[in-house]
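Chemist:
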Amino acid sequence: MQFTIVSLFPEFFDSALSCGLMAKGCAAGLVSVDFRNPRHFTADRHSTVDDRPYGGGPGMVMMPEPLARALRSVESPGRILMMAPKGRPFTQSFARELAQEKNVTIICGRYEGFDARLESLFPIEPVSVGDYVLNGGETAALCVMEAAARLVPGFMGHEDSGEEESFSAGLLEYPHYTRPDVFEGLEVPDVLKSGDHGRVAAWRREKSLITTLHSRPDILHEAALNSNDLEILKKERRRRIGKNLFCALVHYPVVNKEKKSVAVSLTNLDIHDIGRCSCTYGLGGYYITTPIEDQQRMLAELLNHWVTGPGTAANPDRGEALQIIRGVRLIEDAVKDISERTGQNPLLVATSARGAGNMHVGDVRTLLADRPVLLLFGTAHGLAPQVLEQCDGILRPVRYLDGYNHLSVRTAAAIIIDRILGDAL
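Numbering (UniProt numbering), first residue to last: 1 to 425.
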């Protein structure tokens, strides 16, 4: 496999290519690396490769001419990658793609980046190794080279090594142990010393599944899972999923068409559908707030029918789902109940179809690791301004970039809960 690196600092790669498996792979002819320094393709005596950006602004931009000359000097460039934050995320499956290529060219940027015309002149594929900023593309290029090279046949020595490691099958690796048997009071698991290869394989699979669920649940969708894997994951998730997330369907104070603060009546479908959604995703609780006494009585009668009355015999699944519901007068009552149940005051996060919001679902997912969060869903035409003012944050609307954003509250609740939790917690 031939790599051609276009970089202002080819010496950056000297150490990495002179030690370990990369050095052995190069010595064996499995991998070869060539360099093109854009400074060698300049026309002025100062070897200028950058200039100020048109339109003004800080920093310098890499000029297109030296880069274009450097690329055209490569006889067989193969796939041309550009290390850039905007690019396709680099993954193990991407590394497998590259490992099938005979030639790969990687462009490493510096300063503020490249002149955009370069991408119009060459079939360049932007690639990102993560959502962070580096001094240049060399570090990222080294990641790409190593990940792809180790999948070249013969590179790893043992042909199974590359495919048994993290991310290879959509799962993280299981824990590893070696001698001594006991270290500072910690023992190697007995199953690994049993000599029973079947039990060892089963243990490793289980630990790999659990590790992935806890640390990188976002990659589980790539894994090939069987029915036994699903049972392991379900059992583990029941211990932790969504218990810190609560939701409340607010019937007062909300606004009507005239933007006046009002109280509205309960809707049977909202009670059932959001209850079933909350139960499915394992929320800590679902509160229905209304200060109207006859509405409180109606809710109590409905819940009694499905949870303890004749409804539970006819439809036990519905009864199980509605057990999660608690009726309260005000949002403050829900906050107090959560505080008593969890020992922490919940953060209040409002949902709204209006405005830009100041939080996204990733923020809520992060908050759930440390404390309870109460999501507020408004009925009628949304939560009243006084509710929004007392919240710690407001989520972006579900379809904030589209003109029409008028979902039913039960539909919006299902979408938002799934975006926050999904299979992630």
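For each residue, glycine too, the CB sits at the ideal point set by N, CA and C. No experiment lies behind these values; they were computed from the predicted model shown.
(1) Do you know offhand how far G87's Cα is from P126's?
(2) Confirm, please, whether the CB-CB distance from I325 to Y286 is below 8 Å.
(3) Measuring alpha carbon to alpha carbon, tell me which of G78, I107 and A68 ends up nearest A99.
(4) Take E328 and list the residues in its own chain whose beta-carbon comes closer than 6 Å to its own, dropping the five residues that flank it on each side.
(5) In chain order, which continuous runs of the alpha helix (DSSP H) of length 4 or greater are located wholly inside the segment 365-413?
(6) Which residue wins for smallest C-alpha separation from G20, given the options E97, N135, D34 and R150?
(7) Using CA coordinates, which residue listed in M83, A68 and L134 is at the minimum distance from R117?
(8) In the DSSP assignment, find the beta strand (DSSP E) that holds F3 and state where it starts and stops.
(9) Measuring CA to CA, which of T280, L330, F13 and L299 is closest to I106?
(10) With DSSP run on the structure shown, which of helix, strand or coil describes G327?
(11) Rounded to whole angstroms, what is the Cα-Cα separation between V264 and N304?
(12) Please report the residue range of the beta strand (DSSP E) in which P126 lies.
(13) Please report how far the alpha carbon of G319 lies from the alpha carbon of K243, in whole angstroms.
(14) Please name the residue, chosen from L348, A314 and L383, that lies closest to R371 on a Cα-to-Cα basis.
(15) For my contact list, A383 and V250 are in at a C-beta cut-off of 8 Å; report their separation, rounded to the angstrom.
(16) What ranges does the alpha helix (DSSP H) occupy inside the segment 287-346, keeping only unbroken runs of at least 4 residues that lie completely in it?
(17) With burial defined as no fewer than 16 other Cβ atoms inside 10 Å of the residue's Cβ, what is the status of A43: buried or exposed?
(18) Could I get the ranges of all uninterrupted alpha helix (DSSP H) runs contained in the segment 75-141, with 4 residues as the minimum, in chain order?
(19) Looking at the structure shown, is G362 part of a helix, part of a strand, or coil, going by DSSP?
(20) For the putative contact between G113 and V61, defined by C-beta atoms under 8 Å, what is the C-beta separation to the nearest angstrom?
(21) Starting from the C-beta of G198, find all residues in its chain whose C-beta is less than 7 Å away, skip the five residues before and the five after it, and write them out in chain order.
(22) Does the beta-carbon of I92 have 16 or more other beta-carbons within 10 angstroms, so that it is buried, or is it exposed?
(23) When the Cα atoms are used, what is the spatial distance from G355 to L171?
(24) Classify D50 as helix, strand or coil using the three-state DSSP reduction.
(25) Anyone know if the C-beta pair for F41 and A23 falls short of 8 Å?
(26) Which value, in whole angstroms, describes the spacing of the CA atoms of V254 and L225?
(27) Can you check DSSP and say which residues form a bridge with E173?
(28) Consult DSSP for F9 and reduce its assignment to one of helix, strand or coil.
(29) Leaving out the 5 sequence neighbours to the left and right, which residues in its chain are closer than 6 Å to P85 when beta-carbon positions are compared?
(30) Out of L322, D392, G137 and E258, point me to the one whose CA is closest to D363's CA.
(31) Could you check whether the segment 133-147 touches the segment 3-10, counting it as contact only if at least three pairs of C-beta atoms, one from each stretch, sit closer than 8 Å?
(32) Along the chain, where does the alpha helix (DSSP H) containing V250 start, and where does it finish?
Modeler: For this structure:
(1) Looking up residue 87 in the sequence shown gives position 87. Looking up residue 126 in the sequence shown gives position 126. Whole-angstrom Cα-Cα distance: 4 Å.
(2) Residue 286 sits at position 286 when you count from the first residue of the sequence shown. Residue 325 sits at position 325 when you count from the first residue of the sequence shown. A distance below 8 Å separates the beta carbons of Y286 and I325.
(3) Within the sequence shown, residue 99 is the residue found at index 99, counting from 1. Shortest Cα-Cα distance from A99 to any of G78, I107 and A68 involves G78.
(4) The residue you call residue 328 lines up with position 328 of the sequence shown. The residue asked about is misnamed: residue 328 is Val in this sequence, not Glu. Short of 6 Å from the beta carbon of V328, and not among the five residues preceding or following it, lie these beta carbons of its own chain, in chain order: Y287, T289 and A334.
(5) List check, alpha helix (DSSP H) in window: 385-389.
(6) The residue given as residue 20 occupies position 20 in the sequence shown. Selected option, being the one with the closest Cα: R150.
(7) For the purposes of this step, residue 117 is taken as residue 117 along the sequence shown, with counting starting at 1. Minimum Cα-Cα distance from R117 among the listed residues M83, A68 and L134 corresponds to A68.
(8) Indexing the sequence shown from 1 puts residue 3 at position 3. Judged by DSSP secondary structure, F3 falls within the beta strand (DSSP E) whose first and last residues are Q2 to V6.
(9) Taking the first residue of the sequence shown as position 1, residue 106 is located at position 106. Residue F13 is the option with its Cα nearest to I106.
(10) Along the sequence shown, read from residue 1 onward, the residue named residue 327 stands at position 327. The DSSP-derived three-state label of G327 is strand.
(11) Position 264 of the sequence shown holds residue 264. Position 304 of the sequence shown holds residue 304. Roughly 22 Å between the two C-alpha positions.
(12) Here residue 126 refers to the residue found at position 126 when the sequence shown is read from its first residue. Taken as a continuous stretch (DSSP letters only), the beta strand (DSSP E) holding P126 covers I124 to S128.
(13) Counted from its first residue, the sequence shown places residue 319 at position 319. Counted from its first residue, the sequence shown places residue 243 at position 243. Going by the C-alpha atoms only, they are around 19 Å apart.
(14) Numbered from its first residue, the sequence shown carries residue 371 at position 371. If we check each option's Cα against that of R371, L348 comes out closest.
(15) As a first step, residue 383 must be located in the sequence shown, where it is residue number 383. As a first step, residue 250 must be located in the sequence shown, where it is residue number 250. Going by the sequence as given, residue 383 is Leu instead of Ala. By a beta-carbon distance limit of 8 Å, L383 contacts V250. Their separation comes to about 6 Å.
(16) Every alpha helix (DSSP H) stretch that sits fully inside the segment 287-346 and reaches 4 residues is listed by chain position as 293-307, 310-314, 316-322 and 331-342.
(17) Sequence index remark: in the sequence shown, residue 43 carries index 43 (1-based). Per the 10 Å Cβ criterion, exposed.
(18) Complete alpha helix (DSSP H) runs here, min 4: 92-99 and 118-121.
(19) Residue numbering aside, residue 362 sits at position 362 when the sequence shown is read from its first letter. In the structure shown, G362 falls within a helical segment according to DSSP collapsed to helix, strand and coil.
(20) Walking along the sequence shown from the start, residue 113 turns up at place 113. Walking along the sequence shown from the start, residue 61 turns up at place 61. With 8 Å as the limit, G113 and V61 qualify as a contact, their Cβ atoms being about 6 Å apart.
(21) On the sequence shown, position 198 is the one that residue 198 refers to. Same-chain partners within the cutoff: there are none.
(22) Within the sequence shown, the letter at position 92 stands for residue 92. Correcting the residue identity first, residue 92 is Gln in this sequence and not Ile. With 16 or more other Cβ atoms within 10 Å, it is buried.
(23) Working through the sequence shown from its first residue, we reach residue 355 at position 355. Working through the sequence shown from its first residue, we reach residue 171 at position 171. Looking at the backbone, the Cα of G355 and that of L171 are separated by about 39 Å.
(24) For this step, residue 50 is matched to residue 50 along the sequence shown. Note: D50 maps to strand in three-state DSSP.
(25) Position 41 of the sequence shown, counted from the start, is the residue given in the question as residue 41. Position 23 of the sequence shown, counted from the start, is the residue given in the question as residue 23. Judged by beta-carbon spacing, A23 lies beyond the 8 Å limit of F41, meaning their Cβ atoms are not closer than that value.
(26) As a working note, residue 254 is residue 254 in the sequence shown. As a working note, residue 225 is residue 225 in the sequence shown. In a straight line, the C-alpha of V254 is about 45 Å away from that of L225.
(27) The sequence position of residue 173 within the sequence shown is 173, counting from 1. None; E173 has no bridge partner.
(28) Residue mapping note: residue 9 aligns to position 9 of the sequence shown, counting from 1. Looking at F9 - three-state DSSP - the assignment turns out to be coil, as it is neither helix nor strand.
(29) On the sequence shown, residue 85 is found 85 positions in, with the first residue counted as 1. Listed in chain order, the non-local C-beta contacts of P85 below 6 Å within the same chain comprise S128, local neighbours out to five positions each way being set aside.
(30) Residue 363 sits at position 363 when you count from the first residue of the sequence shown. The candidate whose alpha carbon is nearest that of D363 is D392.
(31) Counting Cβ pairs under 8 Å, three or more are found: they touch.
(32) Counting from one through the sequence shown, the residue named residue 250 turns up at place 250. No alpha helix (DSSP H) contains V250, which is instead part of the beta strand (DSSP E) from L245 to V250.
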